[in-house]
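Student:
In this note's numbering, the protein residues as written are 1 to 560.
1) Can you name the residues that DSSP bridges to residue 353?
2) Kindly indicate which three-state DSSP category residue 185 falls into: helix, strand or coil?
3) The alpha helix (DSSP H) spanning residue 244 covers which residue range?
4) For residue 484, which residues of its own chain have a beta-carbon under 7 Å away from its beta-carbon, when the five flanking residues on both sides are left out?
5) Could you tell me how far apart the beta carbons of residue 289 and residue 241 are, in whole angstroms, since I believe they sit closer than 8 Å?
6) Starting from residue 117, trace the beta strand (DSSP E) both ways and give me its first and last residue.
7) Where residue 527 and residue 325 are concerned, what is the direct C-alpha to C-alpha distance, given to the nearest angstrom?
8) Are three or more beta carbon pairs between the segment 432-451 and the segment 406-423 nearer than 8 Å?
9) What are the start and end residues of the beta strand (DSSP E) that includes residue 273?
10) Put residue 453 into one of helix, strand or coil per three-state DSSP.
11) Would you mind reading off the limits of the alpha helix (DSSP H) that contains residue 372?
12) Just mark residue 552 as buried or exposed, buried being the case when its beta carbon has 16 or more other beta carbons within 10 Å.
13) Quick check: the segment 289-299 against the segment 188-208, are there 3 or more CB pairs under 8 Å?
14) Suppose the cutoff is 7 Å on Cβ atoms and the five residues either side in sequence are ignored; what does the same chain contact list for residue 491 look like?
15) Could you compute how far the alpha carbon of residue 210 sits from the alpha carbon of residue 265?
16) In the DSSP assignment, find the unbroken beta strand (DSSP E) run with residue 321 in it and report its ends.
17) Which residues bound the alpha helix (DSSP H) around residue 205?
18) Quick check on residue 348: does DSSP put it in helix, strand or coil?
19) Within its chain, find whatever has a CB closer than 6 Å to the CB of residue 216; leave out the 5 residues flanking it on each side and keep chain order.
20) Assuming the contact rule is C-beta atoms closer than 8 Å, residue 149 and residue 106 should be a hit. Round their C-beta distance to whole Å, please.
21) When you compare each of 514, 535, 482 and 103 to residue 496 by their alpha carbons, which one comes out closest?
22) Measuring CA to CA, which of 383, 375, 451 and 354 is closest to residue 405?
23) Return helix, strand or coil for residue 213, following the three-state DSSP convention.
24) Could you give the DSSP three-state label for residue 55: helix, strand or coil?
25) Run through the DSSP bridge pairs and tell me what residue 565 is partnered with.
26) Does residue 489 come out as helix, strand or coil in the three-state DSSP assignment?
27) To which residues of the same chain is residue 79 closer than 8 Å at the C-beta, ignoring the five residues directly before and after it?
28) Cutting at 8 Å between CB atoms, please list the residues of its own chain near residue 83, excluding the five before and the five after it.
29) According to DSSP, is residue 564 part of a helix, a strand, or is it coil?
30) Which residues does DSSP list as the beta-bridge partners of residue 223?
31) Mind checking who residue 107 pairs with in its DSSP beta bridge?
32) Specify, as a first and last residue, the run of the beta strand (DSSP E) that residue 414 falls within.
33) Helix, strand or coil: which one does DSSP assign to residue 403?
34) Given this structure, state the Cα-to-Cα distance separating residue 548 from residue 361, to the nearest angstrom.
35) Buried or exposed, going by whether 16 or more other CB atoms sit within 10 Å of the CB of residue 57?
36) Mapping the DSSP letters down to three states, classify residue 160 as helix, strand or coil.
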């Protein structure tokens with residue numbers, strides 16, 4: 001039989017991962033297979049060439065053991081271990097692993113005890129209340145399944161932003177090495193638009209002769225779209241999207257008696273513009289940043305000259321909301337602060353968990369005192385150009401209060417107030433819970449406002465507009481949590497926050513040194529939401545944010 005291509009091998013490797021997870025044992029093995037499958041889908045060179053040249057281990061996430069599996073599957077169309085596993089569980093059962101929160105052992109129980117053998121059967125069983133009656137499963141699991149079935153369907157085939165970034169970077173590097181004749185190799189698709197979940201892995205490159213290398217099909221995983229120099233910008237524009245944005249540009253072009261096609265902007269048979277910026281200019285528009293291209297009013301703003309100047313990575317002057325080994329982080333306060341300083345920032349805002357967060361090593365009052373002494377000691381050493389800001393991530397309790405007495409809260413430079421439990425309160429009670437926390441004069445920032453985790457769980461039910469209005473009223477900053485699993489507040493609410501008068505803060509929620517670099521994903525979300533630098537708290541310089549935090553604390557001092 002002919003050898004399998006990368007996408008077919010990836011499909012079988014993903015099946016191998018799922019069946020391995022259902023078998024039990026080391027959970028990291030199944031995750032490794034799944035990650036390797038993602039990497040295969042994003043290959044920029046033919047798989048058979050990598051196999052022939054023994055270069056499979058150059059693929060991200062592929063070590064010697066997985067390379068052996070890939071080689072055998074590629075050449076034979078299967079693997080003995082996979083065939084053995086297939087005899088144990090029907091294929092439909094694997095579908096249920098896509099439901100967030102439904103662990104492999106529960107999937108097995110659903111299959112063996114209730115005879116549920118597919119996602120469709122699972123949904124029917126949940127709606128018929130069959131799951132909550134089963135011993136060892138119960139009502140809570142049934143509720144979670146009903147809630148998360150929509151996530152399983154909507155997130156199918158899409159990658160978290162940071163994972164897509166790694167795959168696309170490798171693909172771009174591979175193209176440059178294997179096809180040196182290609183120029184201007186540029187990432188496009190929904191990744192270029194800064195989408196929080198990426199399903200469109202696309203790259204555009206300039207080729208000397210397009211006919212020699214046809215574009216790949218979208219069904220082949222990574223899309224490599226080739227263009228000559230004259231039409232490169234138009235190809236990039238269309239490969240970036242979104243469809244709604246392109247359609248609005250086409251409408252505008254038609255109004256001006258022009259025609260916008262994938263090979264450029266034309267009037268009659270004459271090419272008016274083939275470069276991306278030139279196309280916008282010929283349409284009477286300033287360049288519209290890719291992150292804004294969602295057909296949500298950006299063309300109208302551009303026509304009125306009211307496009308925002310979006311925040312950039314370089315605009316950020318400090319990092320807030322980080323954890324250390326005093327709670328559930330991996331590094332000391334000193335190590336995290338030094339790593340922040342080495343990245344060119346002016347301040348590091350520690351915000352370890354508060355005492356109610358027993359699951360995360362929340363700080364006692366005595367531990368707060370110790371941390372503040374350490375911060376004072378380090379600040380003397382750092383001098384005037386860098387400072388540790390003393391913060392806390394205070395749990396918002398079920399009644400909306402913060403979990404320290406006022407006397408303790410007043411010791412901090414800033415307080416991030418966050419919900420970490422009781423997610424199932426109804427919309428009214430959950431909203432009131434947040435409103436009370438916002439009205440507390442000690443609250444500086446509301447952390448990850450909706451509590452969502454992408455492809456894991458939906459956010460809790462709240463009236464976001466009411467919460468944002470309250471934040472503006474009480475001068476409480478809204479967090480854009482930059483952790484790629486959160487990216488919360490959702491960018492679709494950023495404009496409302498700005499219109500109501502809110503400040504925002506791009507925070508990494510870092511628990512380790514590498515996670516400090518999550519800041520970039522938060523910046524992408526802010527850009528997608530149309531946020532300018534002057535509305536971002538941590539775009540303030542050290543003197544500015546020190547003054548800002550001091551002014552917020554001044555009413556507390558008078559009240560005391």
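Glycine residues also receive a C-beta, built at the ideal position from the N, C-alpha and C atoms.
Tutor: In this structure, then:
1) In the chain shown, residue 353 corresponds to position 353, counting from 1. The partner list for residue 353 (beta bridge, DSSP) reads 393.
2) Start at 1 with the first residue of the chain shown, and residue 185 comes out as number 185. Three-state result, residue 185: strand.
3) Taking the chain shown and counting its residues from 1, the one referred to as residue 244 is at position 244. Going by DSSP, residue 244 is part of the alpha helix (DSSP H) stretching over 243-255.
4) One-based indexing of the chain shown puts residue 484 at position 484. Short of 7 Å from the beta carbon of residue 484, and not among the five residues preceding or following it, lie these beta carbons of its own chain, in chain order: 160, 161, 162, 518 and 521.
5) Walking along the chain shown from the start, residue 289 turns up at place 289. Walking along the chain shown from the start, residue 241 turns up at place 241. That pair is no contact at about 14 Å.
6) To locate residue 117, count along the chain shown from 1; it is residue 117. Where residue 117 is concerned, there is no enclosing beta strand (DSSP E), given that its DSSP letter is neither H nor E.
7) Residue 527 sits at position 527 when you count from the first residue of the chain shown. Residue 325 sits at position 325 when you count from the first residue of the chain shown. Approximately 32 Å between the Cα atoms of the pair.
8) Contact between the segment 432-451 and the segment 406-423 is present, because at least three Cβ pairs lie under 8 Å.
9) As a working note, residue 273 is residue 273 in the chain shown. Annotation: the continuous beta strand (DSSP E) that includes residue 273 extends over 270-273.
10) Sequence index remark: in the chain shown, residue 453 carries index 453 (1-based). Three-state DSSP puts residue 453 in a strand.
11) Position 372 of the chain shown, counting from 1, holds the residue named residue 372. Unbroken alpha helix (DSSP H) run through residue 372: 365-382.
12) As a position in the chain shown, residue 552 is number 552, starting the count at 1. Residue 552 comes out buried.
13) In the pairwise beta carbon analysis, the segment 289-299 is classified as touching the segment 188-208: at least three pairs are separated by under 8 Å.
14) Position 491 of the chain shown, counted from the start, is the residue given in the question as residue 491. Cβ-Cβ distances below 7 Å link residue 491 to 525, 528 and 529 in the same chain, with the five nearest sequence neighbours on each side left out; the list follows chain order.
15) Here residue 210 refers to the residue found at position 210 when the chain shown is read from its first residue. Here residue 265 refers to the residue found at position 265 when the chain shown is read from its first residue. Bear in mind that the predicted position of residue 210 carries a pLDDT of just 49, short of 50, making it unreliable; the figure below should be weighed with that in mind. So the two alpha carbons sit approximately 19 Å from each other.
16) The sequence position of residue 321 within the chain shown is 321, counting from 1. 318-322 is the extent of the beta strand (DSSP E) around residue 321.
17) As a first step, residue 205 is located in the chain shown; it is residue number 205 there, counting from the start. In the DSSP assignment, residue 205 falls outside any alpha helix (DSSP H) and lies within the beta strand (DSSP E) extending over 202-206.
18) Walking along the chain shown from the start, residue 348 turns up at place 348. Three-state result, residue 348: strand.
19) To locate residue 216, count along the chain shown from 1; it is residue 216. Note that residue 216 has pLDDT 46, beneath the 50 cutoff, so the model's placement of it is unreliable and no number is given.
20) Working through the chain shown from its first residue, we reach residue 149 at position 149. Working through the chain shown from its first residue, we reach residue 106 at position 106. The C-beta distance from residue 149 to residue 106 rounds to 14 Å, too long to meet the 8 Å contact threshold.
21) Counting from 1 along the chain shown, the entry for residue 496 is found at position 496. For the set 514, 535, 482 and 103, the Cα lying nearest the Cα of residue 496 is the one of 535.
22) Numbered from its first residue, the chain shown carries residue 405 at position 405. The shortest C-alpha to C-alpha distance from residue 405 to any of 383, 375, 451 and 354 is the one to 354.
23) The residue given as residue 213 occupies position 213 in the chain shown. Bear in mind that a pLDDT of 47 at residue 213, under 50, signals an unreliable position, so the model cannot answer this.
24) Taking the chain shown and counting its residues from 1, the one referred to as residue 55 is at position 55. Here DSSP, grouped into helix, strand and coil, assigns residue 55 to coil.
25) Residue 565 lies beyond the stretch modelled for the chain, which goes from 1 to 560, so this question has no answer here.
26) The sequence position of residue 489 within the chain shown is 489, counting from 1. Residue 489: coil per DSSP, three-state reduction.
27) Translated into positions along the chain shown, residue 79 becomes position 79. Correct list, in chain order: 12, 16, 69, 72 and 73.
28) Along the chain shown, one-based indexing puts residue 83 at 83. Same-chain partners within the cutoff: there are none.
29) This structure gives no information on residue 564, because the portion of the chain shown stretches from 1 to 560.
30) As a first step, residue 223 must be located in the chain shown, where it is residue number 223. Here residue 223 is bridged, per DSSP, to 202.
31) If you number the chain shown from 1, residue 107 lands on position 107. Checking the DSSP bridge columns, you'll see residue 107 has no partner listed.
32) If you number the chain shown from 1, residue 414 lands on position 414. Bounds of the beta strand (DSSP E) holding residue 414 are 414-418.
33) The residue labelled residue 403 in the question sits at position 403 within the chain shown. In this structure, residue 403 counts as coil in the three-state DSSP scheme.
34) Here residue 548 refers to the residue found at position 548 when the chain shown is read from its first residue. Here residue 361 refers to the residue found at position 361 when the chain shown is read from its first residue. Those two C-alpha atoms are separated by around 30 Å.
35) In the chain shown, the residue the question calls residue 57 occupies position 57. When all chains shown are included, residue 57 counts as exposed.
36) The residue labelled residue 160 in the question sits at position 160 within the chain shown. If DSSP states are grouped into helix, strand and coil, residue 160 belongs with the strands.
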